[in-house]
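Accompanying notes for the structure given below.
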Amino acid sequence: MNNSIKSLLAVLFGLLAGALLMAVTGHNPVEGYKFLIQGGLKSPERIGNTLATATPLILTGLSVAFAFRTGLFNIGAAGQMLFGGFCATAVGLSVDLPRALLLTLMVLAGFIGGALWALIPGILKARYNVHEVVSTIMMNWTAYWTVYYVIPGYFKGESLETESRQLPPEAMLHASWLSDMFQGSYINLGFFIGVVAVLVVAFLINKTTLGYELKAVGFNRHSAEYAGIAVKRSIVLSMFIAGGIAGLAGVAQYAGNASSLQIGVLPSQGFDGIAVALLGANAPLGVMVSALFFGVLYSGRGFMNAMTEIPPEIADSIIAIIIYFAATSILIERLFRKWKVRKSRAPHSAANKKQGEREHVDNA
Amino acid sequence: MKKGVLSLISLALSVTMLAGCGGKPASEPTGGAGSDAPKANFKVGMVTDAGTIDDKSFNQGTYEGIVKANKDFNMEYKYLKPAGTTEADYSKEIGNLYDAGFKFIVTPGFKFETAVHKAQEKYKDAKFVLIDGSPRPNPDADPELKENTVAIYFAEQESGFLAGVATALHVKDGQAGFIGGMKIPPVQKFNWGFQQGVKYANESLGTKVTINKENVVYQGTFDDVAAGSQLAAQMYDRGVNVIFAAAGGVGVGAINEAKTRVQNGNDVWVVGVDVDQYQDGVYEGDKSVILTSAVKKIDQAAYDMIKAETEGKFPGGQTITLDAKNDGVGLPAENPNLSEDILKQVDEVFNKIKAGEITVAAEQGDLIE
Amino acid sequence: MDYVVEMVGIRKEFPGIVANDDITLQLKRGEIHALLGENGAGKSTLMSILFGMYQPDRGVIKVNGREVRISNPNVANRLGIGMVHQHFKLVEAFTVTENIILGSETRRVGMLDIRTAANRVEALSKQYGLNVDPHAKIEDISVGMQQRVEILKMLYRDAEVLIFDEPTAVLTPQEIEDLQGIMKNLVQEGKSIILITHKLKEIKAVADRCTVIRRGRTIGTVDVADTSRETMAEMMVGRSVSFKVDKQESRPGETVLEIRSLTVKNSKKVDALKAFSLELRAGEIVGIAGVDGNGQTELIEAITGLRQAESGSVILNGKDITGLSVRQRNESGIGHIPEDRQKRGLVLDYTLEENLILEIYKRPPYSKNGLLQRAAIRKHAEHIIQSFDVRSGEAGRSIVRSMSGGNQQKAIIGREVERDPDLLIAVQPTRGLDVGSIEYIHRRLVEQRDKGKAVLLVSLELDEVLNLSDRIAVINNGELVGVVNASETNEQELGLMMAGYHKEEGSA
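Residue numbers (UniProt numbering), protein chains in the order written: chain A, 1 to 364; chain B, 1 to 369; chain C, 1 to 508.
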């Protein structure tokens with residue numbers, strides 16, 4: 001079954017479930033969705049805002065998807081994003097360079113910061129077989145509290161204890177031609193970081209020997225080992241890259257969509273990235289499309305609220321339920337496969353079953 | 001396919017169950033949209049700060065003021081909840097309200113300063129009420145107030161001062177402590193005022209209450225209930241009798257800890273914040289661990305601005321400070337845990353503040369951070 | 001005639017494929033009836049129909065003379081039909097009894113009553129000579145024992161007809177013999193057995209009658225005693241098959257592989273291979289014979305670099321490769337057909353062409369400057385697909401998971417042989433494959449030998465070792481028992497050596 005059909009079906013189910021929720025709570029689903037979509041796309045400014053909202057999601061989604069393609073479950077995109085954003089902010093606040101150079105340096109710092117944050121779980125996984133789900137979650141909180149301590153300690157603004165100083169304009173990803181093009185939207189150069197990252201990852205995964213190696217390790221560690229691929233090194237490298245991409249999300253968020261780093265907030269985009277990746281079938285371009293879809297939802301939700309009688313809490317539930325269903329595209333595949341095994345290719349069904357079992361053993 | 005059908009059914013079921021849960025608030029008249037009033041041209045919008053609409057603090061106070069105004073005036077109202085806490089998130093929701101025709105917009109919290117600064121320029125035909133802050137191009141800049149915006153501040157330090165006096169008078173000889181949420185200006189002002197109040201009582205009213213440095217703590221969040229309990233337990237163990245908790249959910253933790261201890265026969269108290277928290281501290285019958293609360297009348301502020309607008313007297317371009325003088329801050333009307341005598345003395349102090357005989361500093365000075 | 005199960009004129013069609021076409025199978029009470037056919041001939045579908053997992057499009061099923069409709073496996077169970085699956089469905093951490101009663105727990109006042117169940121399991125075990133300890137944990141008992149637990153499960157549920165699906169695939173020669181004994185006990189006690197297999201030797205050993213199917217059709221049912229293996233094989237494959245591997249006398253050349261006093265620990269940190277030494281020369285096939293788990297895996301892993309040796313050395317073409325990585329060894333001239341093709345040999349979710357460059361993707365022309373060269377990769381795949389007759393749905397673009405086991409194995413062999421290694425290691429190269437594929441693979445291995453390569457063959461099937469090897473090294477408990485010439489030995493002698501008796505002792 002084609003992945004995009006699967007994802008579209010998942011979205012469709014999600015929208016139906018959301019409509020059901022609206023109907024049950026006494027609201028008109030058609031109207032609700034109309035304003036939801038208008039809110040995301042009605043004017044150039046809203047389109048720009050949607051793209052900006054989607055930008056960190058593209059990158060966290062890409063991070064999760066990349067890790068997933070190489071057999072790792074990166075739950076720590078939030079922490080990597082936060083720490084990457086922190087590194088970029090720190091550079092932006094302390095280094096004085098021409099703009100182009102400064103921005104390049106910040107992007108680099110963001111990537112490295114996120115990458116280092118994921119490197120630790122990577123090493124723990126490769127050397128001591130510590131499951132990355134556990135260690136990346138713990139790293140989330142380590143990042144949270146590190147930033148919590150360091151921002152007030154070293155980068156505090158004059159009047160606010162809970163956020164860093166504002167980045168100077170030359171250290172921000174805003175570009176006036178872009179804002180003007182989208183009539184005052186806060187869309188910024190971060191969007192292009194996202195697009196470039198998607199293209200680079202797509203290229204890396206599909207065209208290079210490195211991608212071939214990393215995917216082989218992800219699919220089957222044992223056969224990668226048999227083939228002479230350095231499995232441990234690949235795991236560490238995968239986490240490094242995935243963390244770096246999440247770090248870029250931090251750059252886009254804190255130096256693009258926002259202008260300072262607030263403490264006490266673990267960015268929700270890190271977790272939404274998991275849903276984005278699932279819906280995007282872990283393919284770079286799929287991630288891009290699904291992040292844009294999420295962008296429309298998040299961006300249009302407020303307008304739906306404002307134009308209808310749907311209160312924010314219900315609107316949140318509607319968005320959550322759409323995401324929930326959208327992220328079940330895997331379930332849809334499973335249902336479909338079951339149906340397929342029943343209905344067709346029976347002579348191979350026994351063989352399929354054997355392979356399925358084998359797969360479980362591999363995973364164990 | 002049977003299993004497939006089953007899972008679909010169960011999914012559908014879970015949807016209806018969710019919907020069932022969600023159904024209630026919408027059917028209540030106090031839901032997000034004020035459809036009970038007749039449709040009117042006057043539409044009041046609100047954007048919430050981080051946290052829910054029933055946060056027992058800023059969001060709730062503002063919202064209650066709006067709901068109250070809705071009863072008295074011909075208007076429509078609505079609140080929106082931003083996805084995050086960045087300026088962009090806030091600006092988006094302000095834009096949504098504006099596009100939907102809500103041109104009187106109330107925003108609670110200093111975090112809206114930059115967003116409102118942009119909005120007052122962009123939406124010249126809309127009016128903004130910014131509570132606890134003033135529009136600025138960036139957080140460290142000077143305020144720039146346009147004709148269509150009112151900035152409202154509270155003298156939290158005065159409210160904290162009164163709570164400090166009441167605490168000292170009640171304890172007489174002992175220790176007090178402070179738990180703050182995040183280190184943001186309103187919380188800090190509560191803290192400093194509280195310390196000054198205790199000091200005043202020691203110097204002028206004959207009490208002997210100390211506040212040690214280790215008993216003034218900012219937990220760092222407004223939602224970590226467990227941490228609040230832990231901090232409170234540590235302070236009580238160190239001999240603190242009363243904790244002033246200006247910390248949202250963290251304060252709830254402190255209140256819980258106090259309840260446990262009181263039920264074990266200890267004599268410990270909590271001073272609430274923002275609104276009268278007496279009910280939150282009830283542990284038995286109508287007995288509460290809340291000694292009193294340092295109140296700021298956010299609802300009143302929101303109500304007053306709406307009222308002024310309907311009367312055509314919107315004080316655009318002004319910065320208004322609500323303090324003891326205009327009864328914008330103080331202690332709750334009812335204080336069952338304070339004796340008549342103490343209340344009388346507190347009242348005297350309150351009047352002295354009103355009269356300007358006592359001034360309460362809004363800065364740290366030589367106080368504990 | 002007293003048939004306990006009759007399946008008459010069964011037809012089952014799936015989109016695009018007729019899996020069963022007018023198949024008739026009649027099982028007499030108290031007989032062992034073999035169902036013989038190549039992989040994909042329709043055996044599994046037929047048994048799935050009998051077990052209630054599929055509904056036939058046409059045809060009649062009778063149990064004890066009464067026509068029945070078996071709508072799901074529970075119905076099959078109630079009719080007394082039980083299936084011993086090839087892959088056991090057991091909970092590792094549970095005891096034998098717990099596993100057996102799972103799903104039909106005995107209760108007493110709402111509480112689990114293990115004791116009654118255990119007693120019954122023990123009684124059944126005794127009655128059929130199964131010798132299973134009802135209190136042992138599954139993870140602690142051997143594969144052969146686990147299979148008996150599966151059998152007990154069926155007996156516990158009062159099954160009258162037992163279906164065995166390829167039951168010997170996972171067993172050692174000794175265990176196979178034991179199993180055959182058990183099957184005979186079962187029929188003596190009045191049970192009836194359907195044995196699904198493609199191994200003629202087993203059919204000869206236990207079955208009374210045999211129904212052969214080919215491409216979804218019944219070819220015929222024969223009395224096993226009156227039919228030769230060759231005839232049955234011909235019925236199965238559709239052409240005459242030779243069992244004897246056709247090969248010339250070997251002409252060994254230079255020493256290719258020298259293993260010197262190699263000691264290797266297993267995953268449990270116990271010495272699994274102890275001071276093992278062996279020499280392998282160009283142009284010969286050396287077979288390693290031994291019961292499973294006697295150090296073969298560790299030996300191969302130590303040669304290929306997948307496992308670190310404790311001491312000793314491996315010398316390839318005069319060069320010590322003991323310290324080299326897997327890739328360096330690959331590149332020094334080792335080809336490896338691994339024991340478990342799905343776990344080690346293939347990335348099942350990669351396409352066939354991606355799998356065919358598994359070890360050489362870094363080399364030109366398959367990649368340049370770190371970029372994969374699709375055209376070269378495709379050409380390479382097409383070459384192997386053609387010369388090794390690898391069949392799949394979409395040629396090089398097929399996902400390997402969708403290919404049959406035989407074709408997966410051919411792909412691996414093609415890949416390894418094409419790399420033209422000096423030493424070709426083949427571990428269980430024909431496991432689970434049908435006669436046609438086995439014959440083909442054997443021919444390919446001999447061909448490598450004749451081209452002057454050294455071939456190291458590890459197999460648990462004594463027949464295969466005897467037929468294919470020039471010399472046979474017998475391994476027991478991690479030690480080399482002895483090396484014999486294949487032409488001068490026989491199954492009895494090897495069997496004794498595999499049990500640890502040295503040749504001298506054996507002949508003395």
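For each residue, glycine too, the CB sits at the ideal point set by N, CA and C.
Rounded distance between the beta-carbons of residue j and residue i, thought under 8 Å
{"i": "isoleucine 224 (chain C)", "j": "arginine 471 (chain C)", "result": "Note on residue identity: the sequence assigns valine, not isoleucine, to residue 224 (chain C). The Cβ separation is near 35 Å, so there is no contact."}
{"i": "arginine 307 (chain C)", "j": "isoleucine 412 (chain C)", "result": "With 8 Å as the limit, arginine 307 (chain C) and isoleucine 412 (chain C) do not qualify as a contact, their Cβ atoms being about 20 Å apart."}
Within-7 Å CB hit, residue i to chain B
{"i": "proline 312 (chain A)", "result": "yes"}
{"i": "phenylalanine 303 (chain A)", "result": "yes"}
{"i": "glutamine 166 (chain A)", "result": "yes"}
{"i": "methionine 307 (chain A)", "result": "yes"}
{"i": "alanine 249 (chain A)", "result": "no"}
CB of residue i within 7 Å of CB of residue j, strictly
{"i": "serine 63 (chain A)", "j": "alanine 77 (chain A)", "result": "yes"}
{"i": "glycine 61 (chain A)", "j": "glycine 218 (chain A)", "result": "no"}
{"i": "glycine 26 (chain A)", "j": "isoleucine 322 (chain A)", "result": "no"}
{"i": "alanine 159 (chain C)", "j": "glycine 80 (chain C)", "result": "yes"}
{"i": "tyrosine 128 (chain C)", "j": "asparagine 77 (chain C)", "result": "no"}
{"i": "alanine 54 (chain A)", "j": "alanine 291 (chain A)", "result": "yes"}
{"i": "glutamate 234 (chain C)", "j": "serine 228 (chain C)", "result": "no"}
Burial state of residue i (16 or more Cβ within 10 Å)
{"i": "proline 139 (chain B)", "result": "buried"}
{"i": "valine 134 (chain A)", "result": "exposed"}
{"i": "proline 29 (chain B)", "result": "With a pLDDT of only 38 at proline 29 (chain B), under 50, the local geometry of the prediction cannot be trusted, and the value read off the model is given with reservation. Proline 29 (chain B) is exposed by the Cβ-count criterion."}
{"i": "tyrosine 128 (chain A)", "result": "exposed"}
{"i": "valine 270 (chain C)", "result": "exposed"}
{"i": "histidine 380 (chain C)", "result": "buried"}
{"i": "glutamine 318 (chain B)", "result": "exposed"}
{"i": "isoleucine 358 (chain B)", "result": "buried"}
{"i": "residue 365 (chain A)", "result": "Nothing in the structure corresponds to residue 365 (chain A), since chain A is present only between 1 and 364."}
{"i": "tyrosine 154 (chain A)", "result": "exposed"}
{"i": "histidine 135 (chain C)", "result": "exposed"}
{"i": "leucine 199 (chain A)", "result": "exposed"}
{"i": "lysine 268 (chain C)", "result": "exposed"}
C-beta neighbour in chain C for residue i, strict 7 Å
{"i": "alanine 216 (chain A)", "result": "yes"}
{"i": "asparagine 220 (chain A)", "result": "yes"}
{"i": "glycine 228 (chain A)", "result": "yes"}
Below-7 Å beta-carbon distance, residue i vs any chain A residue
{"i": "methionine 182 (chain B)", "result": "yes"}
{"i": "asparagine 330 (chain C)", "result": "yes"}
{"i": "threonine 310 (chain B)", "result": "no"}
{"i": "leucine 97 (chain B)", "result": "yes"}
{"i": "aspartate 420 (chain C)", "result": "no"}
{"i": "alanine 83 (chain B)", "result": "yes"}
{"i": "aspartate 140 (chain B)", "result": "yes"}
Residue i versus residue j - alpha carbon distance
{"i": "glutamate 144 (chain B)", "j": "tyrosine 153 (chain B)", "result": "15 Å"}
{"i": "alanine 197 (chain A)", "j": "tyrosine 278 (chain B)", "result": "54 Å"}
{"i": "asparagine 74 (chain A)", "j": "phenylalanine 388 (chain C)", "result": "41 Å"}
{"i": "leucine 173 (chain A)", "j": "glutamate 132 (chain A)", "result": "32 Å"}
{"i": "valine 231 (chain A)", "j": "glycine 283 (chain C)", "result": "34 Å"}
{"i": "valine 360 (chain B)", "j": "lysine 172 (chain B)", "result": "21 Å"}
{"i": "glutamate 461 (chain C)", "j": "proline 173 (chain C)", "result": "7 Å"}
{"i": "glycine 500 (chain C)", "j": "leucine 273 (chain C)", "result": "14 Å"}
{"i": "histidine 170 (chain B)", "j": "tyrosine 63 (chain B)", "result": "33 Å"}
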